[in-house]
Ligand code: NAI
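Residue numbers (the numbering used here): 33 to 245.
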């Protein structure tokens, strides 16, 4: 409940804290001041204190942060301690690329099924998973404790298939189709858009160019 008022900017930064803390653990560092963490992460120390205070602080005056316990706290906040089963809708280029990527599993995100409405693709092997027909989706969700549904299909089909997921009890939608999905109360949607990311890169490059002129 206390996460309700957390800004989306903070939510976006939490995985970054988690990644940096994981790297610190790998190099044997046990504690870190907010100043040193800020240098490493290229954000201000007050930003770090402000962000982490929203979850109750975790730091100690004069001591800094205990790296391992902060890592564990953020892991809990992000819900990474548990296994999350994911289905991918669309066994095209993107759906296959996602299914092939092994690092999701290391973070507790398991792609357990991939579905397509093209009968020619049903039965294909994708990273050890057999592509299934979308007609098998409701039963599969029921039997496999699916929490997250990935939309990797054309945008014209995205809303319809997201609704099928929601109607079958999946309330986390990871949407790659180029349309913002709003699925109503109780359903969370993360829209991912690499094209928009490229546009931001292009904008930043234009700003850099301006600075030099
Ligand atoms: P693709 O054409 O290779 O694959 C799409 C697959 O979806 C096909 O196999 C097709 O049979 C299947 N499909 C269509 N309607 C379906 C339905 N109702 N149920 C199940 N399967 C269905 O396309 P690609 O390159 O894999 O892209 C997929 C989607 O992801 C597109 O909307 C594309 O614009 C988007 N995309 C988004 C990116 C991002 O950064 N957000 C990056 C790359 C692609």
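Virtual Cβ for every residue (Gly too), placed ideally from N, Cα, C. None of these values were measured; they are calculated from a predicted model.
Contact belief for residue i with residue j at Cβ below 8 Å, rounded distance in angstroms
i           : j           : result
residue 64  : residue 119 : About 38 Å; that fails the 8 Å criterion.
residue 117 : residue 196 : About 17 Å separates the two Cβ atoms, so there is no contact after all.
residue 223 : residue 212 : 5 Å
residue 175 : residue 163 : Not quite, the Cβ-Cβ distance comes to about 17 Å (not below 8 Å), so this is no contact.
First through last residue of the beta strand (DSSP E) which encompasses residue i
i           : result
residue 207 : 204-207
residue 145 : 141-148
residue 223 : 220-223
residue 214 : That residue, residue 214, is in no beta strand (DSSP E); it is neither H nor E in DSSP.
residue 118 : 116-121
Distance between residue j and residue i (C-alpha atoms, nearest Å)
i           : j           : result
residue 127 : residue 184 : 6 Å
residue 249 : residue 232 : With the chain covering 33 to 245 only, the question about residue 249 has no answer from this structure.
residue 199 : residue 167 : 14 Å
residue 161 : residue 107 : 28 Å
residue 42  : residue 152 : 44 Å
residue 143 : residue 47  : 20 Å
residue 165 : residue 134 : 23 Å
residue 33  : residue 54  : Any reading at residue 33 must be qualified, since the residue scores a pLDDT of 40, below 50, and its modelled position is unreliable; the value itself is stated next. In a straight line, the C-alpha of residue 33 is about 26 Å away from that of residue 54.
residue 122 : residue 215 : 19 Å
residue 205 : residue 61  : 36 Å
Residue span of the alpha helix (DSSP H) that contains residue i, given as start and end
i           : result
residue 85  : 77-85
residue 56  : 40-58
residue 127 : 125-132
Kindly provide the ranges of any beta strand (DSSP E) runs that are 3 or more residues long and lie completely inside the segment 146-212, ordered along the chain. 178-183, 204-207
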